[in-house]
Every structure is written in C-alpha cells, then in structure tokens.
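Numbering (this note's numbering), first residue to last: 466 to 923.
Positions of the beta carbon are idealized from the N, C-alpha and C atoms, including for glycine.
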Amino acid sequence: MSLIRESLMRAKWNDDMARRSRMQKYLDYYRDDCSSYIKSEISNLVNPQESTELCKYVEHDNITSRMIDSISLIFKEKVNVSISCSTETDTEKAQVLLNDLLDGLNFHVTMKEVEKLSKLVFDIAVIPQIRNNKIELDIITPEKAFVKQSNEDPTKAEAFFYQTGILTNTTSPNPIHEYHFWTREGKFSCMIDDTGNPFNITLLMEWNHPEIFPVIMFRNYLPIDSFWYDGLNPIVEKNIIIDLKRTDMSMAEAYNIPQRINRGVPEEQEIKLGRTFAMNIPLPENEQPLGDAKYIKPDENLTELDKCILNRIEQLGLSLGLSKSIITGQSATSGYELALSKYEIVERNKSERDYYIQPLRDLVRLIIIMTKDCNGYDFPDNPEIKVDFGEIRFSQSELEKARTRYYKLVYGIASRIDIIMEDNPDLTREQAIVKAKQIDREELDFGKKFDNLSISSF
Numbered sequence: 466m467s468l469i470r471e472s473l474m475r476a477k478w479n480d481d482m483a484r485r486s487r488m489q490k491y492l493d494y495y496r497d498d499c500s501s502y503i504k505s506e507i508s509n510l511v512n513p514q515e516s517t518e519l520c521k522y523v524e525h526d527n528i529t530s531r532m533i534d535s536i537s538l539i540f541k542e543k544v545n546v547s548i549s550c551s552t553e554t555d556t557e558k559a560q561v562l563l564n565d566l567l568d569g570l571n572f573h574v575t576m577k578e579v580e581k582l583s584k585l586v587f588d589i590a591v592i593p594q595i596r597n598n599k600i601e602l603d604i605i606t607p608e609k610a611f612v613k614q615s616n617e618d619p620t621k622a623e624a625f626f627y628q629t630g631i632l633t634n635t636t637s638p639n640p641i642h643e644y645h646f647w648t649r650e651g652k653f654s655c656m657i658d659d660t661g662n663p664f665n666i667t668l669l670m671e672w673n674h675p676e677i678f679p680v681i682m683f684r685n686y687l688p689i690d691s692f693w694y695d696g697l698n699p700i701v702e703k704n705i706i707i708d709l710k711r712t713d714m715s716m717a718e719a720y721n722i723p724q725r726i727n728r729g730v731p732e733e734q735e736i737k738l739g740r741t742f743a744m745n746i747p748l749p750e751n752e753q754p755l756g757d758a759k760y761i762k763p764d765e766n767l768t769e770l771d772k773c774i775l776n777r778i779e780q781l782g783l784s785l786g787l788s789k790s791i792i793t794g795q796s797a798t799s800g801y802e803l804a805l806s807k808y809e810i811v812e813r814n815k816s817e818r819d820y821y822i823q824p825l826r827d828l829v830r831l832i833i834i835m836t837k838d839c840n841g842y843d844f845p846d847n848p849e850i851k852v853d854f855g856e857i858r859f860s861q862s863e864l865e866k867a868r869t870r871y872y873k874l875v876y877g878i879a880s881r882i883d884i885i886m887e888d889n890p891d892l893t894r895e896q897a898i899v900k901a902k903q904i905d906r907e908e909l910d911f912g913k914k915f916d917n918l919s920i921s922s923f
C-alpha cells in the first residue's frame, strides 16, 4: 500500500508541476520572453531538418501583454478604501491612519498589478509580510506555489506553500526546493521532496488570529471544486498560434525572392554568386548549350497571409470585449468616441468588481491586524471596511468638458463644488466651498460677464 500511495502522490505532484510549468509559460509570454516556446512548438510540427531552418525566422507578436493591459481596467482609477468605527472621531482618526498606511504600501499600484496577473494566470496570492518591523505586500504567482487543500472545502487552503530563496539576479546557485508556507498557526520554512512532502520544518512566526487565513487570493472567477484554475488562457494559446503563423510568414518573406535554377550545367563550370552577375554557358561544336539557368519567383501571397494573422488578432480582441479601433490602434477623434469604443470592456470590468471586493476587504483587514501587532497602530477592533472603485474617465477636449459640465449643472447632477474639485483634485470639499465663495465675492466686485450663458455658447 505504501508503494501505491507513493506512486499516487508522485503522480499528483507531477500534475501540479505541469500546472506550474503552464503558468510559467503564460508569464513568460506576458514578458515577451517566449522564443524557446515557439521553437518547441515548431519542433513538434515539422521534421528536424525543417525545424532547424524554420527556427532561424522565429517572430513574436506581443499580443498577450497588449490584450491583458487593455482589458485590465478595474483599478485604472484609484480605489477608495474607507474604515468605519463606533464614533465619528474614531472613524476620522482611523481613516487618516489607514490612508497613510496604504500609501506607504503602494497599495493602488500593487492592486493594478494583481488585476493584470489574475487575468493572465487566474490565481494571485497577496501576503502581507513583516520585514524590519515594517509591513510589505508580496505578490505570489501560481508557478511558485502549491497548496494543501481543506478537506471540508477544496477551494480553500489549509497550508499555502511558495518557493523562496530564488534570487534571479544573484550569480550564486539557490536551492529550488526551499519553501515558506502559511497556516492559521503561523509562518514556517521547509524543504520539499520530489513528491511534494515538506521536511526540515521550522517555525518563523506565530499567527495569533486563526479567524483569518493570512494569504489573500485574488481571482476574476469563482472556484467551484478546486483551488487552482484548471484551464487554459485563450489569449496566450492564441498568441502561440499567431506566432507560428508569423514565423512561417517571416520565412516566406525571406524565401519569396527570385531563385536561380541551374539545369545540366557542368559541375566544373564556374558559377558566380549574386543575382547581378552574368553567367556564360559554353556551346559545344553542335551549338547546343550544355545546360540552362533561369530565375523563378515563389510568388507566395504574403498579403493574404498577413490578413489572416490580423484577422485572428481582431477576433481574439473582439471576444474579450475590445472594440476594433482599440485592437487596430486607431485614434479616437474625441473623448466621447473613445468612451464609446471602450463601452463593452468597461462594462465587463464593472461586472468583475464583485470578485475583488471581498478579497480587498480581507487584505485591508489583514494589513490592519499585522500593523497593530507590529507597530501598535491605534486601529479599533473589527472595524467595518468599505471599498469604492473609481469610475473610469476618458480625456475630453475643452469643448466636450464644457458641454458635460453645463448639462450636469442644469440637471442637478453635480454642483459647482464638484466641478471645482474636479479641476483641482487636491482640494477637500471644505476648501472647494471656500474657493466657490471667493469666486462669488470677486463676481460681485468685478461683475459677471456671462449672465446669459447657454449651451448655444458652445
């Protein structure tokens, strides 16, 4: 039974390593470090001799990074995280502390990166870590991690393991089987054997808050019966196919020139290289040439091949909710046109916000708990945390901006104070009110010049 159990464990470990390898490939494609994958795909498609020749012309389209960046809009505008306490005074004090803490953690930039990665490799862990008596946020991508699933809920982890000690820019070798892992009891270091079992376990930090697991997972989908996403990323998979087509076209371009063919020319005949040289073929006594030489052109239709590739890119973008103008890079003539071109992808991102709200709350709560333990920040126990996503804005011309503001004022959608704050985001509402009063006084002193302002003025 022990041999059977060990074989099963090794098979499951190998399956998980295959998952991690796939996630590494997706990350490499996002970083445009993928020529080795293209060459591997070519070697699986053609014979070795053809593969060697075709691999000389490898080309890559950075479709993955372009598409992922284009569809990641949830954190394009800064998310507002607010804290609520039992009294107004405590709330104001806690909010100032929280804003200062999140700014120090570069929270908004971190979340922008988390969103992009979650749309690339599906499952992203964020772990607040204490280093030098300070809180830092670590982003753990799935190619570095594996889990021990909960028996009660397979979508949850009892232990979260992640590779450590891998210093990419350090020349000395690092042990690749060194890991850290978190449970509800604390943080540990260990080594991992070739079946995924930990050994040499050492406690690094106790965790005295078992009510919250200290690893926060961000996903843009709801896991059903597994911890990790069990599927492929269509963006990268399509990128691979397009890269093969691009490579094929690159080779076709190189070969799509006139080629000289020699027929029956004596082997001892000196044949100069280059298309501009003349070649003499001697005539024997019967005046019949001993051979023949001519140029042929392969005449492959590269234009049609290029259209085929561009059509694949366009169809991929449309399936993700991107407009044709965004895919082709066509410039919008106005802010309204830009907003219209991004309408579908903006709506998709709005619908995906629900997947990020609870992890955001859990992460902020975890940061607050660790900060209280580490630095003794005066945060209340069990505060209420709210998340408000910033609405996506598009640049407008001065004329469009004036029209928009006019309608907002006429229909009571916004006040002058809102518009003043829009022009100067650094102002608080109280400061904007003071500014409005100053404008009113100056209008009384110097007189209004636009008493009959109307939309026709624009």
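Using a Cβ-Cβ cut-off of 7 Å (strictly less than) and excluding sequence neighbours within five positions of residue 829, which residues of its own chain qualify?
-> 546 and 850
How many angstroms separate the CA atom of residue 880 from the CA atom of residue 481?
-> 56 Å
For residue 611 versus residue 626, is the C-beta spacing smaller than 8 Å?
-> Yes.
Going by DSSP, name the residue or residues bridged to residue 560.
-> Answer is none; residue 560 lacks a bridge partner.
Under the three-state reduction of DSSP, which class applies to residue 776: helix, strand or coil?
-> helix
Would DSSP call residue 890 helix, strand or coil?
-> coil
Based on the DSSP output, what are the partners of residue 610 in its beta bridges?
-> 627
When the distance is taken between beta carbons, is residue 585 closer than 8 Å to residue 473?
-> no
For the beta strand (DSSP E) that residue 601 lies in, which residues bound it at each end?
-> 599-605
Can you grab the Cα-Cα spacing for the pair residue 692 / residue 551, in whole Å?
-> 37 Å
Name the DSSP beta bridge partners of residue 591, please?
-> Looking at the DSSP output, residue 591 shares a beta bridge with 604 and 681.
Give the DSSP bridge partners of residue 651, in chain order.
-> 671
So, is residue 644 buried or exposed, given that buried needs 16 or more other C-beta atoms within 10 angstroms?
-> Classified as buried, residue 644 has 16 or more neighbouring CB atoms from the shown chains inside 10 Å of its CB.
Under the three-state DSSP convention, the category residue 549 falls into = strand
Where does residue 644 fall in DSSP's three states?
-> Three-state result, residue 644: strand.
Could you give the distance in angstroms between the alpha-carbon of residue 787 and the alpha-carbon of residue 533?
-> 11 Å
Residue range of the unbroken alpha helix (DSSP H) whose run includes residue 829 = 808-840
Coil, strand or helix - residue 802 by DSSP | Residue confidence for residue 802 is low, a pLDDT of 49 falling below 50, so the modelled location carries little weight and cannot support an answer.
Does the distance from the CB of residue 592 to the CB of residue 679 come in under 8 Å?
-> Closer than 8 Å, so yes.
Using DSSP bridges, identify the partner residues of residue 622.
-> 614
Give every residue of the same chain whose Cβ lies closer than 6 Å to the Cβ of residue 503, excluding the five residues on either side of it in the sequence, and list them in chain order.
-> 523 and 708
Helix, strand or coil at residue 911 according to DSSP, with G and I counted as helix = helix
Could you give the distance in angstroms between the alpha-carbon of residue 816 and the alpha-carbon of residue 810?
-> 10 Å
Residue 559 versus residue 565: straight-line alpha-carbon distance, rounded | 10 Å
Reduced DSSP secondary structure (H/G/I, E/B, other) of residue 851 = Here residue 851 sits in strand by DSSP.
Could you tell me the distance, in whole angstroms, from the CA atom of residue 910 to the CA atom of residue 857?
-> 39 Å
For residue 920, name the three-state secondary structure that DSSP assigns.
-> Note that residue 920 scores 49 on pLDDT, short of 50, meaning its location in the model is unreliable and no value can be drawn from it.
Report yes or no: do the segment 656-673 and the segment 681-697 share at least 3 C-beta pairs separated by less than 8 Å?
-> no
Can you pull the DSSP bridge partners for residue 663?
-> 657
Sequence-distant residues of the same chain with beta carbon closer than 6 Å to residue 853, five excluded per side = 545
Under the DSSP definition of a beta bridge, which residues are partnered with residue 596?
-> 599
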